[in-house]
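Each residue of the sequence shown is one higher than the one before, starting from 108 at the first, in the working numbering. Each residue gets a CB set at the ideal place from its N, CA and C atoms; glycine is no exception. Note that the structure is a prediction, hence the values are computed from the model and not measured. Remarks on the structure that follows.
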Amino acid sequence: IKKIAVLTSGGDAPGMNAAIRAVQRTGMHHGIEVYGVMHGYLGLYQNEIKLLERQDVANMLNRGGTFLGSARFPKFKEETVRQQAVENLRALDIEALVVIGGDGSYMGAKALTEMGFPCIGLPGTIDNDIPGTDYTIGYLTALNTVLEAVDRLRDTSSSHNRISLIEIMGRHCGDLTLAAAVAGGAEYVIIPEKPFDEEALITALGNPSARRKSHAIVCITENMTDTEALAKRIEERTGQEARATILGHIQRGGAPRGFDRVLASQMGVYAVELLMQGHGGRCVGIQSNQLVHHDIIEAITTMQRPFKQDLFNTFKKLV
Ligand code: ADP
108 IKKIAVLTSG
118 GDAPGMNAAI
128 RAVQRTGMHH
138 GIEVYGVMHG
148 YLGLYQNEIK
158 LLERQDVANM
168 LNRGGTFLGS
178 ARFPKFKEET
188 VRQQAVENLR
198 ALDIEALVVI
208 GGDGSYMGAK
218 ALTEMGFPCI
228 GLPGTIDNDI
238 PGTDYTIGYL
248 TALNTVLEAV
258 DRLRDTSSSH
268 NRISLIEIMG
278 RHCGDLTLAA
288 AVAGGAEYVI
298 IPEKPFDEEA
308 LITALGNPSA
318 RRKSHAIVCI
328 TENMTDTEAL
338 AKRIEERTGQ
348 EARATILGHI
358 QRGGAPRGFD
368 RVLASQMGVY
378 AVELLMQGHG
388 GRCVGIQSNQ
398 LVHHDIIEAI
408 TTMQRPFKQD
418 LFNTFKKLV
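Here it is, written out as structure tokens:
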């Protein structure tokens with residue numbers, strides 16, 4: 108294998124740059140040219156593909172976001188659009204592609220692999236919602252960012268005896284919320300993996316003496332409900348001041364923490380080595396501290412992500 112390409116797609120995550128760098132440096136180490144595709148699948152279609160030199164990835168290890176840019180490009184679901192993308196790659200004699208992104212991006216990588224163009228997926232998302240890996244690149248950095256916010260909200264909500272609802276990202280995955288609830292000492296956690304009983308929450312919040320404190324922190328995953336409206340209902344029903352804070356995109360930004368830099372570096376090296384061994388249509392993960400690879404199609408169609416019931420039990424014991 109002589110030439111490969113790398114792109115970042117979907118929501119950005121801290122550590123994506125570290126992964127791109129690792130792919131470029133590993134390629135260079137083995138005499139493989141590495142091309143960078145701008146703006147994910149959009150740039151692949153529009154032929155925005157350029158050779159990455161050593162200096163292009165210098166000083167990138169510690170930078171948040173992705174210097175290649177990312178984009179949502181729903182038209183990539185169309186076969187003719189993907190055909191053009193494959194032609195663009197083949198015109199440059201590029202033989203394989205590393206895709207760094209979430210499960211939507213994996214769908215694109217799967218489709219390209221099925222068209223005869225081998226892809227390797229790296230899990231890059233703060234949501235930690237990708238099957239076949241214990242951790243995604245960006246998740247633990249985002250956890251630290253969320254915790255900074257939770258700590259600050261604790262200061263103000265305890266000073267004012269206020270109920271603080273904190274909406275945390277994760278799409279349909281409660282990992283970030285649950286970890287933040289444990290590490291941030293929240294009183295309540297609302298996550299997609301567990302049924303949400305609003306009445307029970309309001310009853311509990313309305314009885315501060317049973318809680319033994321008058322302020323409360325409630326961590327809730329995005330998409331569960333309208334968090335602002337929930338705060339209003341809680342305030343009306345309990346007579347206690349309640350405020351919603353939607354953390355939003357600040358959770359995606361910032362320099363990757365050490366763990367994510369190490370993870371992204373390991374996975375980037377592994378992806379290139381898998382391609383050198385002739386693998387395609389695989390996605391990379393870390394499970395029980397071991398780098399692993401799975402069939403990308405199986406990963407998105409049949410593999411399940413286990414719910415962290417033990418962490419949930421831990422949370423329940425500590426409130
Ligand atoms: P994420 O990768 O973070 O889950 P998205 O779900 O937005 O983000 O997916 C990123 C991109 O992957 C989409 O904008 C689209 O270009 C591509 N994609 C998503 N689903 C498919 C699919 N079924 N077939 C081909 N490409 C897809």
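Taking the alpha-carbon positions, what's the residue i to residue j distance?
i: Ala-323; j: Glu-343; result: 16 Å
i: Ile-108; j: Glu-202; result: 7 Å
i: Gly-215; j: Ile-404; result: 11 Å
i: Met-250; j: Met-167; result: First, the amino acid is wrong: residue 250 is Leu here, not Met. Rounded to whole angstroms, Leu-250 to Met-167 spans 21 Å at the Cα level.
i: Ile-275; j: Gly-387; result: 34 Å
i: Asp-236; j: Glu-329; result: 14 Å
i: Asn-268; j: Leu-354; result: 21 Å
i: Gln-112; j: Asp-163; result: Residue identity check: residue 112 is Ala in the sequence provided, not Gln. Taking the straight line from one Cα to the other gives about 14 Å.
i: Ala-338; j: Asp-304; result: 15 Å
i: Ile-393; j: Asp-262; result: 36 Å
i: Glu-335; j: Ile-309; result: 15 Å
i: Arg-350; j: Gly-277; result: 21 Å
i: Leu-199; j: Thr-243; result: 31 Å
i: Pro-121; j: Tyr-377; result: 19 Å
i: His-146; j: Thr-408; result: 26 Å
i: Lys-184; j: Gly-211; result: 10 Å
i: Ile-357; j: Ile-233; result: 11 Å
i: Ile-297; j: Ser-266; result: 24 Å
i: Gln-397; j: Lys-320; result: 43 Å
i: Lys-423; j: Asp-282; result: 15 Å
i: Asp-417; j: Val-206; result: 32 Å
i: Val-257; j: Gln-190; result: 46 Å
i: Gln-411; j: Lys-217; result: 17 Å
i: Pro-413; j: Ala-371; result: 22 Å
i: Ile-127; j: Val-379; result: 11 Å
i: Arg-197; j: Thr-252; result: 41 Å
i: Ser-264; j: Ser-316; result: 17 Å
Judging by CA-CA distance, which residue of the options is the nearest neighbour of residue i?
i: Thr-421; options: Asp-402, Gly-143, Ala-290 and Pro-302; result: Ala-290
i: Thr-115; options: Gly-150, Glu-335 and Gly-134; result: Gly-150
i: Gly-292; options: Leu-199, Glu-380, Phe-183 and Ile-273; result: Ile-273
i: Asn-124; options: Glu-155, His-401, Ser-177 and Ile-139; result: Ser-177
i: Arg-132; options: Gln-373, Asn-195 and Asp-241; result: Gln-373
i: His-279; options: Gly-313, Ser-266, Ala-218 and Gly-209; result: Gly-209
i: Leu-106; options: Arg-170, Asn-195, Arg-179 and Leu-204; result: Residue 106 falls outside the range modelled here, since the chain spans only 108 to 426, and no answer is possible.
i: Leu-175; options: Lys-184, Gly-143, Asn-195 and Glu-194; result: Gly-143
i: Met-383; options: Thr-232, Ile-270, Ala-287 and His-136; result: His-136
i: Ala-117; options: Thr-408, Leu-254, His-400 and Gly-172; result: Checking the sequence shown, residue 117 turns out to be Gly, not Ala. Looking at the Cα atoms, Gly-172 is the closest of the given residues.
i: Val-77; options: Glu-160, Asn-154 and Leu-199; result: With the chain running from 108 to 426 in the structure shown, residue 77 is simply not present.
i: Ile-139; options: Pro-181, Lys-110 and Leu-247; result: Lys-110
i: Val-141; options: Lys-184, Ala-129 and Tyr-148; result: Ala-129
i: Pro-230; options: Tyr-213, Arg-340 and Asp-282; result: Tyr-213
i: Val-399; options: Ser-266, Lys-157, Asp-241 and Ser-321; result: Asp-241
i: Asp-333; options: Thr-352, Thr-408, Thr-345 and Thr-248; result: Thr-352
i: Pro-181; options: Ser-316, Leu-158, Tyr-152 and Glu-160; result: Tyr-152
i: Asp-402; options: Ile-227, Asp-258 and Leu-283; result: Ile-227
i: Asp-367; options: Arg-259, Gly-375 and Tyr-246; result: Tyr-246
i: Arg-345; options: His-356, Gly-365, Leu-312 and Thr-408; result: According to the sequence shown, residue 345 is Thr rather than Arg. That would be Leu-312, whose Cα lies nearest to the Cα of Thr-345.
i: Leu-425; options: Asp-258, Pro-413 and Glu-294; result: Glu-294
i: Thr-248; options: Ala-286, Val-325, Gly-239 and Thr-408; result: Ala-286
i: Ser-395; options: Gly-239, Arg-340, Thr-252 and Leu-283; result: Gly-239
i: Gly-223; options: Ile-207, Ala-192 and Thr-252; result: Ala-192
i: Ala-288; options: Asn-314, Pro-299, Phe-419 and Ile-207; result: Phe-419
i: Ser-271; options: Gly-361, Cys-326, Pro-299 and Ala-406; result: Cys-326
i: Glu-255; options: Met-331, Arg-389 and Gly-361; result: Gly-361
i: Asp-119; options: Gly-375, Leu-159, Lys-301 and Arg-179; result: Arg-179
i: Pro-299; options: Gly-375, Asn-314 and Met-331; result: Met-331
Could you tell me if residue i is buried or exposed, where buried requires 16 or more neighbouring beta carbons within 10 angstroms of its beta carbon?
i: Pro-363; result: buried
i: Arg-359; result: buried
i: Asn-195; result: buried
i: Thr-220; result: buried
i: Val-369; result: exposed
i: Lys-415; result: buried
i: Ala-165; result: exposed
i: Thr-284; result: buried
i: Ala-307; result: exposed
i: Pro-302; result: exposed
i: Leu-158; result: exposed
Would you say the beta carbon of residue i is closer than 7 Å to some non-hydrogen atom of the ligand MN?
i: Val-144; result: For the structure depicted, the ligand MN is absent and the ligand set comprises only the ligand ADP.
Determine, for residue i, whether the minimum Cβ-Cβ distance to residues of chain C falls below 8 Å.
i: Leu-247; result: Protein chain content of the structure displayed is limited to a single chain, and chain C is not contained in it.
**Prompt:** So which residues put a beta carbon under 6 Å from any heavy atom of the ligand ADP, going in chain order?
**Reply:** Ser-116, Gly-117, Gly-118, Tyr-148, Arg-179, Phe-180, Pro-181, Phe-183, Lys-184, Gly-208, Gly-209, Asp-210, Gly-211, Ser-212, Met-214, Gly-215, Ala-218 and Thr-232
**Message:** I'd like the ranges of any alpha helix (DSSP H) spanning at least 4 consecutive residues and lying wholly in the segment 271-329.
**Reply:** 282-290, 305-312 and 315-318
**Request:** Go through the segment 375-426 residue by residue and report every complete run of the beta strand (DSSP E) that reaches 3 residues or more, in order.
**Result:** 389-394 and 397-402
**Item:** In chain order, each alpha helix (DSSP H) run of at least 4 residues that lies wholly inside the segment 210-281
**Value:** 210-221 and 246-266
**Item:** Segments assigned beta strand (DSSP E), at least 3 residues, entirely inside the segment 115-140
**Value:** none
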